[in-house]
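Just so you know, the sequences run in chain order A and B.
First residue of the first sequence: 1, per the UniProt record's numbering; consecutive thereafter.
First residue of the second sequence: 1, per the UniProt record's numbering; consecutive thereafter.
Don't be surprised by glycine CBs; every beta carbon is placed ideally from N, CA and C.
Quick caveat: nothing in here was measured; it's all calculated off a predicted structure.
Structure first, commentary second.
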Amino acid sequence: MAQIIIRNLRKEFGSFTAVQGSSFTIEDGEFFMLLGPSGCGKTTTLRMIAGLELPTSGEILIDGEDVSQRPASQRDIAMVFQMFALYPHMNVRKNISYPLVSQGVPKTEVRDRVAEVARILRIEHLLESPVGGLSGGDRQRVALGRAIVRRPKAFMMDEPLGALDAEFREIMSEELRGLHDRMRATTVYVTHDQLEAMQMGDKIVVMNHGVVEQFGTPQQIYDHPATLFVADFIGSPSMNFLRFDGAVKRGASSVSLSGLDVETPEILDETAPTKLVLGVRPEHVILSDAAPYRGRVLATEYLGTSQIITIEAAHGTLKARAPSGQIAHTGETVGLTFTAPKLALFNAETGRAFRTAANQGVHHG
Amino acid sequence: MTAYSITEPSKASKWVAGLLVAFYTIVTLLPLVWIISTGFKSGPDSISYPPKLVFDPTVEGYVNLFTSRTRISQDAPPPPAETWYDEITRDQGMVITGPSRFGERFMNSVIIGFGSTALSIILGTLAAYAFSRFKVPLKDDLLFFILSTRMMPPIAVAIPIYLMYRELGLSDTHLGMILLYTGVNISLAVWLLKGFIDEIPREYEEAALIDGYTRFQAFRKVVLPQAATGIASTAIFCLIFAWNEYAFAVLLTSGNAQTAPPFIPTIIGTGGQDWPAVAAGATLFLLPVMVFTILLRKHLLRGITFGAVRK
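This is the structure in structure tokens:
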């Protein structure tokens, strides 16, 4: 198992830059998520780590060794593809043993290791079946088996649950995470699904337009988004943005929204008057009748345990997550308060979050 | 999406369709039946009018096809017949003087037909794989150039090729004919096979690359087995062309590398119009392609419809 270090990784396809100067570190045994919308460069990054694409510049260190210009076959990593890529002309056993055959592992050992993997994944009864007739989940297990059997330094997974239907994704994501917890293998996992990334990942890199926007634990990324993009991309519904003009003073612990003071964590940055954005997660918008900040209820969505209330306020439309018992009528004017320690403040010009007492130590891209 | 409905066709239209298919089958098969039956007729039966549908089958035509014969002269009666084919020849008032050249010509066809098919497939598969998977400079232009070699009838370049082959010493050689047919077939092979290989997801090879195989191993062990269908159907098309080709064969071959197509008509000239022997030659000539096609027909059918529907 191995630590993977990515340094200033860059990939250009002709005039198009798919990945520009990414840097991050994947610790040994981590379940590491590369998250972002399609075309953000996450798959290209994964393919560069795997050796299926060679980087234009930058370094990839696996276990301290620079492998950035080496072919895939010499990197000792395994990959699970979105479409599984099981060899259609071989049965399950042959598919799983295929990587071992290339390494010249003796036949008896191949047998034993395939049997072991089949037991771990509970696919022993399928070993002699052709891969064509397998269900999506079983194909996924076989693809995992083919990766595990190698005992590689690291696993690469390119949206491995993307081809499964919703119900099955849930089961497989638990299985995957469980498998990882048992094997403790360094895993790099690409997904565009923020929920999947939050559920399964130890760490997450959020990418957009080939740039690393933020790098950290799911909690850090959810609670303290480093950029407006991350704030918007993570969470459902996403973070509310209150747009206003103003200045930021070092040491202040409030901002002034059109003359109304809103309490925030202590601000550690300073800027001249500019366009600002106050970020509030829906669960931190609290309806309280007496509050001076007012808004009008536009709609409510009932979700069972909670409800989403859409409110129109002076600085933008907000979504509040409230207990389902709370009564809010469309068209009514309500008071709003925000949970101060959980607020984020962004510079709308640069898209970056200001440093505050709350988000200290969070990695920017 | 446009709305459409699939309804059960009416009985009448089923009948009409059935009749049309039956009619088409008869039209297609009639010449084949005619050739095969003529091969088993005696000389007089083969030219009787009206044609005989019921006749005494004989292998006279086949014996004549494979032998050279001469008339029995009244002065020196030949020794008694030793074998069954001697006897068949005697019955026609002839005596066998030696084997004909048909066997040799047939073997030439086999060597040249299958040789050029194999070469076209090997080169075509490699080229198609490269075009499909790698960044080839001027890819589109090259592909168009390859296709353009098919835009005029091959015989249009017969004279230059005749002169070139004479200079190069390739006239009337097996190698010359194999190269020529490969040259004609290669464009078809590249284009057909590129279509097939494009359909094979790259992930399979990438999986093999990551599993520790080299690019060539991945090609051989993962891509080739999956391209089998495409290779089979392309091979049939190549073989059919090389096997049936007549014009170049007449022009470029005579003594050494002559194939069956130019040879079969010459049978007519030796010893009167021997239609049963011609028919026997044509029947034998049909067999290899028929057998090859029937063996690969599953692939052929899949090959033709392959990629027609996105999965």
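Beta-carbon proximity of B/A242 to B/T117, cut-off 8 Å: yes
With a threshold of 8 Å between beta-carbons, can A/F155 be considered close to chain B, or not? no
If you follow the beta strand (DSSP E) that A/T271 is part of, which residue opens it and which one closes it? 271-280
Does A/E12 come out as helix, strand or coil in the three-state DSSP assignment? strand
Relative to the alpha-carbon of A/V196, which residue among A/T186, A/M207, A/G210, A/L176 has its alpha-carbon at the smallest distance? Note on identity: in this sequence residue 196 of chain A is Glu, with Val being the wrong assignment. Nearest option by C-alpha distance: A/L176.
The segment 72-94 of chain A: which residues have C-beta closer than 7 Å to a C-beta of chain B, in chain order? A72, S73, I77, A78, M79, F81, M83, A85, Y87, P88, H89
For A/S68 and chain E, any beta-carbon pair shorter than 8 Å? Any reference to chain E falls outside this structure, whose protein chains are A and B.
Where do the N-terminal and C-terminal ends of the beta strand (DSSP E) with A/Y293 fall, by residue? 293-302
What does B/T214 touch in chain A if you count any residue whose Cβ is under 7 Å from its own? S73
Which complete alpha helix (DSSP H) runs does the segment 10-67 of chain B hold, if anything under 4 residues is left out? 11-39, 43-47, 60-66
I'd like to know whether the C-beta of B/S210 is nearer than 8 Å to at least one C-beta of chain A. Rather than Ser, the amino acid found at residue 210 of chain B in this sequence is Ile. Taking Cβ atoms only, chain A reaches closer than 8 Å to B/I210, which makes this a yes.
Buried versus exposed, by CB contacts within 10 Å (16 or more), A/G331: exposed
Ignore the nearest five residues each way along the sequence and tell me which others in B/A192's own chain have a CB closer than 6 Å to its CB. The displayed chain sequence assigns Leu, not Ala, to residue 192 of chain B. Within the same chain, B/L192 has close Cβ partners T234.
Does the beta-carbon of A/G104 have 16 or more other beta-carbons within 10 angstroms, so that it is buried, or is it exposed? exposed
Does any CB atom of chain B fall closer than 8 Å to the CB of A/P99? yes
With a Cβ-Cβ cutoff of 8 Å, do A/K153 and A/A2 count as a contact? yes
So with Cβ pairs under 8 Å, would you call A/Q103 a contact of chain B? yes
Any C-beta of chain B within less than 9 Å: which residues of the segment 46-63 of chain A qualify? R47, A50, G51, L52
Between the beta-carbon of A/T356 and the beta-carbon of A/I267, is there less than 8 Å? yes
In this structure, does DSSP put A/P88 in helix, strand or coil? coil
Do B/N64 and B/T173 have their beta-carbon atoms positioned less than 8 Å apart in this structure? no
Tell me, to the nearest whole angstrom, how far the beta carbon of B/A128 is from that of B/V136; I am working on the premise that it is less than 8 Å. Actually they do not touch by this definition, with Cβ atoms about 11 Å apart.
Cα-Cα separation, A/Q219 to A/P225: 10 Å
Between the segment 94-110 of chain A and the segment 197-214 of chain B, are three or more C-beta pairs nearer than 8 Å? yes
Counting contacts by CB-CB distance shorter than 8 Å, is B/Y129 in contact with chain A? no
Residue nearest to A/H209 in terms of C-alpha spacing, selected from A/L260, A/G36, A/L134: A/G36
What does B/P245 reach in chain A if we use C-beta pairs closer than 8 Å? Reading off the sequence shown, one finds Glu at residue 245 of chain B, where the question assumed Pro. Near B/E245 there are no residues of chain A at all, since even the closest Cβ is about 34 Å away, more than 8 Å.
Under three-state DSSP, which class holds A/A322? strand
Cβ shell of A/V285 (< 7 Å), same chain only, five flanking positions each side left out: N240, L318, A320, L336, F338
B/A280 to B/V27 span [Cα, whole Å]: 21 Å
Whole angstroms are fine: how far does the CA of A/N8 sit from the CA of A/Y87? 35 Å
With 8 Å as the threshold, decide whether the Cβ of B/E199 is near any Cβ in chain A. no
Measuring straight from C-alpha to C-alpha, what distance separates B/R90 and B/L19? 48 Å
Any beta carbon from chain A within less than 8 Å of residue 312 of chain B's own beta carbon? The question about residue 312 of chain B has no answer, for chain B in this structure spans 1 to 311.
Alpha-carbon to alpha-carbon, A/R352 and A/R75: 36 Å
Which runs of the alpha helix (DSSP H) fall wholly inside the segment 37-74 of chain A and span at least 4 residues, in chain order? 42-50
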